[in-house]
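K.L.:
Going by our numbering, 149 is the number at position 137 of the sequence shown; the sequence numbering is gapless.
Even glycine gets a Cβ: it sits at the ideal position worked out from N, Cα and C.
Keep in mind that this is a model prediction, so the values were computed, not measured.
Have a look at the structure that comes next, please.
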Amino acid sequence: MSKSGFLVFILLVCCTVLVYAQQTDVVDDAKENLLQMQQDITENNENDLELLEDAINYLQDHQLELNRSTREDFQQLVDLGIITELQARSISEYRESLGDFISIYELQAVPYLSIDDIYRILPFLRINNNIDQYQLNPRFVLTKGNWMMLTRVQQILEKQKGYLPPETPASSRYLGSQQGIYNRFRYNYANRFGYGATMQKDPGEEFFRGTQSKGFDFYSAHAYYRGKRFVKYAVIGDYQLRTGQGLLLGNGIGGRKSPYVLMVKKGGQTIRPYTSVNEFLFFRGGAATLNLRPFELTVFYSQKKIDANLESVTDTITDETGNTFITSFGGDGFHRTLNEVAQKHAINQTTYGGHLEYKYKKLALGATALHTSFSAVLNRREYVYNQFQFNNADRLSNASVDYTYQLRNMLFFGEVAMSSNGGKATLNGLLMSLSQKADLALVYRNYDRNFQSLYPNAFGESVRPENEKGLYVALSIRIKPTLILDLYSDWYRIPWLAFQLDAPSVGTDYFSRLTYRPNKRLELYAQYRSETKQRNSSFTNKLDYLINNTRSGLRLNMTYKASKSFTLRARAEWSSFNNQDLDKPQRGFIVYQDVIYKQMAVPISFTFRYLLFNVDDFNARIYVYENDVLYAYSIPAFQNRGSRYYFVARYTLSRNLDVYARYAQTLFDNVSIIGSGLEEINGNSRSEIKLSVRLKF
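Okay, here's the thing in structure tokens:
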């Protein structure tokens, strides 16, 4: 070996040792930063944060093999906002032209990747050139993989109204105990084969008695296989689907407005096992992707029971009960009261279809078709604004075509979809690297008022692509290696009436964030967002008219790594809400301080936060991401006046056993009753405790 080769070898060994020594810390930092960045999504759809948390944990436990991962695999990094679509493609193209990576640090030679980008993706990548040696015979597959089991218990400590004796015989109350229980089991063999199960009991639901004689209220299970020949991917049990840009099938994360201003394109693996606890956003049955080069064919079938409110028509002459109709779907998954239990699994939902994709060099074309039927007709109350939505039917068919094409430093993408009633929706976008220091994103959407889709998650003001036209423009500018400016503007129009909109309307959404990272120990950012939406005036007049509702927010954030063990994070945030009906703007303010302790040589780590808030009204609410135990999340919306603190600790008893604990309490200064309905607490404090144990081997 030459002298230069020997020095390179020593450098790679040292780097590898450093990576393993800091792996846990880097992973935790990356995960927390991603969740902190994504908290704004929750204002539109809280399910996104649950899926994001689950996706990060999954990728952390199943790192991408740098020399074997496909472009679809790297799309997971794009969906999480870690890198852009062009950067992900650049990694694949570099490997295709120059061969396998020798070291992860060779990523420094990949175009469009900065040192900060590489630092962010390190926790989710690995190199194992012997991965093909894994044997897919039953003895190895079933015994040589990795196991993980986790259980969690949580409870609100104050007595809520739903757990107290009923005030009258007709009063409703929760049937079960205050504890929430969550169990999770996973097995994985070399990312080629795996299976798992998830069980959950929500607070207030019965457990192994009464209406829940089988134990948990929600059970989910899956098994998957990743192949290299004819069968590319297959799953049985519960799964999610994603095709095109989410106009028809968009279960998953990514492709929404967020502080990751360039994260607007959806893509990646068509089928994914379902591992979350939302009781509606998944399919149950089987799905497979078949390799028919240059085509890939995905077929799927699902049949499951879903929650719904039902009503029967009674003949007024014969007094006989006629047809049963669906008046609304249940989507929250709670079964705590007799009324909620009556909705559980009330109807059958059957879905089947397929997706065909053609790939040639930098071009990908796809076509999707699916059909859904219900065991009863949907007959919900009709208003003028919702007369074009799916109703008075028990089945719906959809079809779409989608495309992706890369031309040098430009990436074009889009999808055009149609529903069986003739409604259409289209989305077209462009990602472009303007220079080494600037990137651009453009998205135009045009969704008909009568377009109907049951499983979408598309770009726009709502996850449902209907009754909307808009243009989104975003820029990410690296002013200096230490200074990054992210901007977006979104102009949209609602051409038809909508909920709380008795006339067509317009809206705007402006966002900017300036991030300063002078070194690896300090990060500062300032963020401003202003969104204007039109709504009906709150004044009761014979003639309704629209007014502009404007919400604005300013955030200042600092993260400082004081030492190898301690990290300090501080934030101040202001909010404002105003419209023509108010005498003066409604305002809000929060400030908090975090202390984070992590030490490799010590088996315990913890995070402590103390927060003060003063928010005039719910319209001026401020969302704040909070650290939580593993596979849990918390992102409360603050209003009123008071303080909140929490303490989260992790204790590693051994290499295979971790214990997590969290205690959080909110104290209000200006209210004596918290919450409403059966969630009501007679007092000014709300406290919660969570305990979790994870075993892996």
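How would you label residue 192, buried or exposed, when you count the other beta carbons within 10 angstroms and need 16 or more for buried?
P.N.:
Working through the sequence shown from its first residue, we reach residue 192 at position 180. That one is buried.
K.L.:
Please give me, in chain order, every unbroken run of the beta strand (DSSP E) with length at least 3 that falls completely inside the segment 501 to 556.
P.N.:
Segments of the beta strand (DSSP E) lying fully in the segment 501 to 556: 517 to 531, 534 to 548.
K.L.:
Going by the beta-carbon positions, is the gap between residue 268 and residue 471 smaller than 8 Å?
P.N.:
Stepping through the sequence shown from its first residue, residue 268 is reached at position 256. Stepping through the sequence shown from its first residue, residue 471 is reached at position 459. For residue 268 and residue 471, yes; Cβs fall inside 8 Å.
K.L.:
Please classify residue 578: is it buried, with 16 or more other beta-carbons within 10 angstroms of its beta-carbon, or exposed?
P.N.:
For this step, residue 578 is matched to residue 566 along the sequence shown. It counts as exposed.
K.L.:
Figure out for me which residue from 315, 342, 213 has the closest Cα to the Cα of residue 251.
P.N.:
Counting from one through the sequence shown, the residue named residue 251 turns up at place 239. When each option's Cα is compared against that of residue 251, the closest is 315.
K.L.:
Taking only the alpha-carbon atoms, compute the straight-line gap between residue 35 and residue 609 and give it to the nearest angstrom.
P.N.:
Sequence index remark: in the sequence shown, residue 35 carries index 23 (1-based). Sequence index remark: in the sequence shown, residue 609 carries index 597 (1-based). Because residue 35 sits at a pLDDT of 46, beneath the cut-off of 50, its placement in the model cannot be relied upon, and the following sentence gives the value as read from the coordinates. Straight-line Cα distance between these residues: approximately 16 Å.
K.L.:
In whole angstroms, what separates the C-alpha of residue 134 from that of residue 662?
P.N.:
Looking up residue 134 in the sequence shown gives position 122. Looking up residue 662 in the sequence shown gives position 650. Each residue's alpha carbon lies about 23 Å from the other.
K.L.:
Would you mind reading off the limits of the alpha helix (DSSP H) that contains residue 100?
P.N.:
Here residue 100 refers to the residue found at position 88 of the sequence shown. Start and end: 97 to 110.
K.L.:
For residue 709, collect the residues of the same chain with a Cβ closer than 6 Å to its Cβ; drop the 5 residues on either side in sequence, then sort them by chain order.
P.N.:
Within the sequence shown, numbered from 1, the residue matching residue 709 stands at position 697. Cβ neighbours of residue 709 beyond the five flanking positions: 159, 668.
K.L.:
Under DSSP, the beta strand (DSSP E) around residue 593 begins and ends at which residues?
P.N.:
As a working note, residue 593 is residue 581 in the sequence shown. Run containing residue 593: none; DSSP gives neither H nor E here.
K.L.:
Can you grab the Cα-Cα spacing for the pair residue 33 / residue 132, in whole Å?
P.N.:
The residue labelled residue 33 in the question sits at position 21 within the sequence shown. The residue labelled residue 132 in the question sits at position 120 within the sequence shown. Note that residue 33 scores 36 on pLDDT, short of 50, meaning its location in the model is unreliable and no value can be drawn from it.
K.L.:
Along the chain, where does the alpha helix (DSSP H) that runs through residue 351 open and close?
P.N.:
In the sequence shown, the residue the question calls residue 351 occupies position 339. Residue 351 -> alpha helix (DSSP H) spans 350 to 355.
K.L.:
What does DSSP give as the partner residues of residue 158 in its beta bridges?
P.N.:
Against the sequence shown, residue 158 aligns to sequence position 146. BP columns for residue 158 point to 200.
K.L.:
Consult DSSP for residue 78 and reduce its assignment to one of helix, strand or coil.
P.N.:
The residue labelled residue 78 in the question sits at position 66 within the sequence shown. Residue 78 falls in the coil class under three-state DSSP.
K.L.:
Quick one: which unbroken alpha helix (DSSP H) runs of 4-plus residues sit fully inside the segment 272 to 336? Chain order, please.
P.N.:
none
K.L.:
Please report the straight-line C-alpha distance between residue 127 and residue 571, rounded to a whole angstrom.
P.N.:
Taking the first residue of the sequence shown as 1, we reach residue 127 at position 115. Taking the first residue of the sequence shown as 1, we reach residue 571 at position 559. For residue 127 and residue 571, the distance between alpha carbons rounds to 19 Å.
K.L.:
Since residue 664 and residue 670 should fall inside the 8 Å C-beta cutoff, what is the C-beta to C-beta distance between them, to a whole number of angstroms?
P.N.:
As a working note, residue 664 is residue 652 in the sequence shown. As a working note, residue 670 is residue 658 in the sequence shown. 5 Å between Cβ atoms; contact.
K.L.:
Given residue 65, which residues of its chain have a CB within under 6 Å of its CB, disregarding the five upstream and five downstream residues?
P.N.:
Residue 65 sits at position 53 when you count from the first residue of the sequence shown. Closer than 6 Å at the Cβ level, and outside the excluded window around residue 65, lie 645.
K.L.:
If you run the structure through DSSP and keep just helix, strand and coil, what is residue 408?
P.N.:
If you number the sequence shown from 1, residue 408 lands on position 396. Here residue 408 sits in strand by DSSP.
K.L.:
Mapping the DSSP letters down to three states, classify residue 448 as helix, strand or coil.
P.N.:
Along the sequence shown, one-based indexing puts residue 448 at 436. Three-state result, residue 448: coil.
K.L.:
Under three-state DSSP, which class holds residue 396?
P.N.:
Translated into the one-based positions of the sequence shown, residue 396 becomes position 384. Here residue 396 sits in coil by DSSP.
K.L.:
Assuming residue 603 contacts residue 583 (C-beta within less than 8 Å), just tell me the rounded distance between them.
P.N.:
To locate residue 603, count along the sequence shown from 1; it is residue 591. To locate residue 583, count along the sequence shown from 1; it is residue 571. Your pair residue 603 and residue 583 checks out as a contact, with CB atoms roughly 7 Å apart and the cut at 8 Å.
K.L.:
Report the rounded CA-to-CA distance for residue 323 versus residue 385, giving the unit in angstroms.
P.N.:
Here residue 323 refers to the residue found at position 311 when the sequence shown is read from its first residue. Here residue 385 refers to the residue found at position 373 when the sequence shown is read from its first residue. Their Cα atoms are separated by approximately 18 Å.
K.L.:
If contacts are defined as beta-carbon pairs under 8 Å, then residue 515 and residue 397 qualify, I think. What distance do you get, rounded to the angstrom?
P.N.:
Your numbering for residue 515 matches position 503 in the sequence shown. Your numbering for residue 397 matches position 385 in the sequence shown. The Cβ separation is near 10 Å, so there is no contact.
K.L.:
Are the segment 456 to 465 and the segment 430 to 446 touching by the rule of at least three beta carbon pairs closer than 8 Å?
P.N.:
yes
K.L.:
Need the endpoints of the beta strand (DSSP E) that residue 128 sits in, please.
P.N.:
On the sequence shown, residue 128 is found 116 positions in, with the first residue counted as 1. For residue 128, there is no enclosing beta strand (DSSP E); the residue is part of the alpha helix (DSSP H) that begins and ends at 127 to 133.
K.L.:
Excluding the 5 residues flanking residue 536 on each side, which residues of the same chain have their C-beta closer than 6 Å to its C-beta?
P.N.:
Counted from its first residue, the sequence shown places residue 536 at position 524. Cβ neighbours of residue 536 beyond the five flanking positions: 528, 570.
K.L.:
Using only CA atoms, which one of 285, 676, 292, 339 lies nearest to residue 71?
P.N.:
On the sequence shown, residue 71 is found 59 positions in, with the first residue counted as 1. The candidate whose alpha carbon is nearest that of residue 71 is 285.
K.L.:
Work out the CA separation of residue 253 and residue 313 for me, nearest whole Å.
P.N.:
Numbered from its first residue, the sequence shown carries residue 313 at position 301. Numbered from its first residue, the sequence shown carries residue 253 at position 241. Cα-Cα distance, rounded: 11 Å.
K.L.:
Who are residue 427's beta bridge partners in DSSP?
P.N.:
Here the question's residue 427 lines up with position 415 in the sequence shown. Per DSSP, the beta-bridge partners of residue 427 are 414, 439.
K.L.:
Given this structure, state the Cα-to-Cα distance separating residue 346 from residue 155, to the nearest angstrom.
P.N.:
By one-based count along the sequence shown, residue 346 stands at place 334. By one-based count along the sequence shown, residue 155 stands at place 143. Taking the straight line from one Cα to the other gives about 37 Å.
K.L.:
State yes or no: is the C-beta of residue 241 within less than 8 Å of the C-beta of residue 303?
P.N.:
Reading the sequence shown from its first residue, position 229 is the one you call residue 241. Reading the sequence shown from its first residue, position 291 is the one you call residue 303. Against a cut-off of 8 Å, the Cβ pair of residue 303 and residue 241 comes out as a contact.
K.L.:
Taking the beta strand (DSSP E) that residue 86 falls in, what are its first and last residues?
P.N.:
Counted from its first residue, the sequence shown places residue 86 at position 74. Not the beta strand (DSSP E): residue 86 falls in the alpha helix (DSSP H), residues 83 to 91.
K.L.:
Kindly list the residues whose CB is nearer than 6 Å to the CB of residue 705, restricted to its own chain and excluding five residues on each side of it in sequence; keep chain order.
P.N.:
Position 693 of the sequence shown, counting from 1, holds the residue named residue 705. Hits under 6 Å: 163, 671.
K.L.:
Touch check for the segment 167 to 179 and the segment 94 to 110: three-plus C-beta pairs under 8 Å?
P.N.:
no
K.L.:
Rounded to whole angstroms, what's the CA-CA distance from residue 659 to residue 616? Just pull it up for me.
P.N.:
Along the sequence shown, one-based indexing puts residue 659 at 647. Along the sequence shown, one-based indexing puts residue 616 at 604. Going from the Cα of residue 659 to the Cα of residue 616 covers about 13 Å.
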